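Before any comments, here is the structure.
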Amino acid sequence: MTMRLPSAIFLLLCGCYLLMLSGHTYSADEETMLAVTRGLIERGDVAVVVAEGAPVAALRPGRDGGSYSPYGVLPSLLAVPLHLGGAVLAPAGPAADYTTRFAVTALNALLTAAVGAVLAAWALRLGAPPAWATVLALLYGLATFAWPYARTFFSEPLAALLILVAAERAHAAQQRSHPATQRRALFIAGLAAGLLLATRIAAGVALPVLGLYVLWGAWQGRPATSSWLRSAFAVLRAPLPWLAGLLPGLALLVWYNLARFGTPLASGYASEAGLFTTPLLVGLHGLLLSPGKSVLLYAPPLLLALPGAVALWRRGAQATVLLALGLFLSHLLLYARWGEWPGGGVWGPRFLLPVVAPVLVLAAGFVPLRPGATARPGWRLLVVALLAVAGFAGNLGGVLFNFSTYVVTTTPSDKLYSLAGSPLVGHWRLLGERWASYAAAPPVCRPGDGFFASEDPGGAPLPRRSGALGVLHCHVSAGTRIAFRLDDRRPPAAPPSDLRLRLDGRELAAPPAGQLRAYQLLLPPGRARLAIVAHPWNPLAVGFSERDDELGPQLADLGGSTRDGAQLAVVDTGVAPLPLRPRPRWAWYYDPPNRHLVDHWAWYLPRSELSGPRAWLLGGLLVVLGTGALVAGSRLTRRAVRGEGVIPILLAGIALAQLHTSTALQLYKALCGAGELWR
């Protein structure tokens, strides 16, 4: 089987994912694995050594009194080259923290693209036409919750790749007639299965299913004319390459356990054995049917697997169908009993992500082997299109809006069992509110970059503190006057303010003297940018209070009117300065008072410490690599499927992939203007 199509799928999805990265982590789990990566690079060990208050989770005491992560080491190991690459742009300081974390979050983009490539290869092996195999890969990559997780540093995308490779290679071994190629396929299948244990120890529940499938293949391939003794010997000998493949993963797990706890058997999860407390039916209902966590709602294309499985069963692929269902059930039944079956404050049923691809591959049977011999496939195209749109639109909300923000946002609805409260709906509601704020009609002024959260107990936009630089974005008509007050009072121990105002980059005349200052300005018509610049002070550093922020003056109030008497509106689009302390820095991306327009690297990069040529270099690399991969993948895909019968939906899928990559960039550019963001 040619690798042209899988390679094209890999490039196509890589391009999509690289252009849509966020460049940050979403949970303390990811930060913990990142700390292991940094420990391997900086000290050559796996202990978690972080600053006080850093957002790490579930640490376990281990060797030499150190603290260790219970999570698998393989994601941290694979992230080492990316971390080193990120350090090239900024070797030290806060900028290095930003670039290395950014680079590490690209790992799952590559891994998820690889899942799509392997899925397409397996679909081809099951008899799917190349165009349909391409559609399945795009459905997985852009219409399931694999897409939002491709932007994270969670371990589930790696587990998904390993499970799919283990299953696909085991299936391929049964299709090979040459003993050498069969043994090679089995060894790779075993290698992927063994590495699962070093990725997510819980993913080991898939090993019995994979092992039984390998044994079944050995039984099916036994010599038909041999004695029972020879047959038994052949059946026992056939899985040996698979068993040998398990050894590297087991060795890595043993090494990691010894490095952490001084014993080969301790994994760090022994204390959680008693947490399987959820009634099975409750967990099953939540993972399959609840509006907030249903795998069918977060991955609608899975519905194609049912008719596809029936078709494959009728074609004689019963073992493959049972393999995919067995892998799915292994995770479903395990996590349905888990006390934290929702997976925490994350997008969709995170724990089921590793087994979505093996189920979706069953949809290879949804398209007949010979389309011309059956009825016209119009209804099939309609079903696929509807599921694709539903999956794409739902998960696009999880890409454009930080899912951690919605989790911590207080809403009156139930986020698990209410459709109105489901993140699939709630994300679009909050996105609409954010975008409406940025697109508010004139006359309006918006506190923007450099403003901390409002200090009004009722939630009004003012009063609020600025940092060293606070920016007001105003959109007004001719003759609009605004009036505002700045409260720049600070304790004697604080440094002097040296307060200045800049309107559209031009320094205004010296402001009034004193620490309580009132201003009146006649704004030019159109869009104006008023910058409040001051030397900041830190209340904690001068012993004034426990607040540990670099503060500028307080914008106490703001009003105004146009020439015809229309009153100025004040709309909150404030985004605080990026903190230096680890936990506030991590929370800055999701903290609701920070009114980020979109969860995208092009929004965050101008607000980071990386500035000037280095910022342009990082952004340029992403655009060039992502666009190049997207264009190359699209062209290779078209060549690979030329002449196929489902070209209309294939081209629609490729167009959708190309369109989605520019969605966030167009939004932030249209609503904010690139000139306001990039310095």
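In this note's numbering, the protein residues as written are 2 to 680.
Where a beta carbon is used, it is the ideal one built from N, C-alpha and C, also for glycine.
None of the values given here were measured: they were computed from a predicted structure.
- In this structure, DSSP gives Val47 a state outside helix and strand, which the three-state scheme calls coil.
- Linking Ser291 to Phe329 through their CA atoms gives a straight-line distance of about 18 Å.
- Leu78 and Thr38 have their C-alpha atoms spaced approximately 6 Å apart.
- For Tyr520, the enclosing beta strand (DSSP E) has its first and last residue at Leu517 to Leu523.
- Burial check for Leu247: the Cβ neighbour count within 10 Å reaches 16 or more, so the residue is buried.
- With a beta-carbon spacing of about 5 Å, Gly293 and Ser423 fall inside the 8 Å limit used to define contacts.
- Along the length of the region 239-310, whole beta strand (DSSP E) runs at least 3 residues long do not occur.
- Rounded to the nearest whole angstrom, the CA to CA distance from His84 to Val166 is 25 Å.
- By the Cβ rule, the region 316-329 counts as touching the region 354-362, because three or more pairs are nearer than 8 Å.
- If you draw a straight line from the Cα of Val426 to the Cα of Phe402, it is about 12 Å long.
- Under the 10 Å beta carbon count, Trp348 is surrounded by 16 or more other beta carbons and is classified as buried.
- Annotation for Phe453: the continuous beta strand (DSSP E) segment containing it runs Phe452 to Ser455.
- Within the model, the alpha-carbon separation for Ala494 versus Leu35 is close to 39 Å.
- Considered as a whole, the region 314-353 harbours 319-337 as its complete alpha helix (DSSP H) runs of no fewer than 4 residues, in chain order.
- Scanning Leu198, Leu581 and Ala181 for the CA closest to the CA of Leu241 turns up Ala181.
- Residue pairing by DSSP places Ser77 opposite no residue, since no beta bridge is assigned to it.
- Beta bridge pairing from DSSP links Pro448 with Leu473.
- Assigned with DSSP and collapsed to three states, Ser405 falls in helix.
- Cβ contact annotation for Ala310 (same chain, cutoff 6 Å, sequence separation greater than five): Val322 and Leu363, in chain order.
- Each residue's CA atom was taken as its position, placing Ala454 and Thr106 some 28 Å apart.
- Sixteen is the threshold: since fewer than 16 other Cβ atoms of the shown chains lie within 10 Å of the Cβ of His179, the residue is exposed.
- Between the alpha carbons of Trp589 and Leu579 lies a distance of about 7 Å.
- Per DSSP, the continuous alpha helix (DSSP H) segment holding Ala104 begins and ends at Gly94 to Val105.
- Nearest in C-alpha terms to Arg528, of all of Thr481, Pro554, His476 and Thr563, is His476.
- Taking a C-beta distance under 8 Å as the contact criterion, Asp488 and Pro594 do not qualify as a contact pair.
- In the DSSP annotation of this structure, Gly561 is not part of any alpha helix (DSSP H); the continuous beta strand (DSSP E) holding it starts and ends at Gln555 to Ser562.
- DSSP places Phe188 inside the alpha helix (DSSP H), whose first and last residues are Pro180 to Leu198.
- Taking the Cβ atoms as the reference, Leu253 lies roughly 7 Å from Val74, within the contact range of under 8 Å.
- Cβ neighbours of Thr264 within its own chain (closer than 7 Å, five residues either side excluded): Asn258.
- Gly366 carries a helical assignment under DSSP once its states are collapsed to helix, strand and coil.
- Excluding the 5 residues flanking it on each side, Val408 has same chain C-beta neighbours closer than 6 Å at Gly346, in chain order.
- Here DSSP, grouped into helix, strand and coil, assigns Asp488 to strand.
- For Arg465, the enclosing beta strand (DSSP E) covers residues Arg465 to Ser467.
- Arg61 is the residue among Asp505, Ser23, Arg61 and Met21 whose C-alpha sits nearest the C-alpha of Thr33.
- As the crow flies, the alpha-carbon of Gln221 is around 18 Å from that of Leu313.
- Minimum Cα-Cα distance from Arg501 among the listed residues Gly471, Leu523 and Gly449 corresponds to Gly471.
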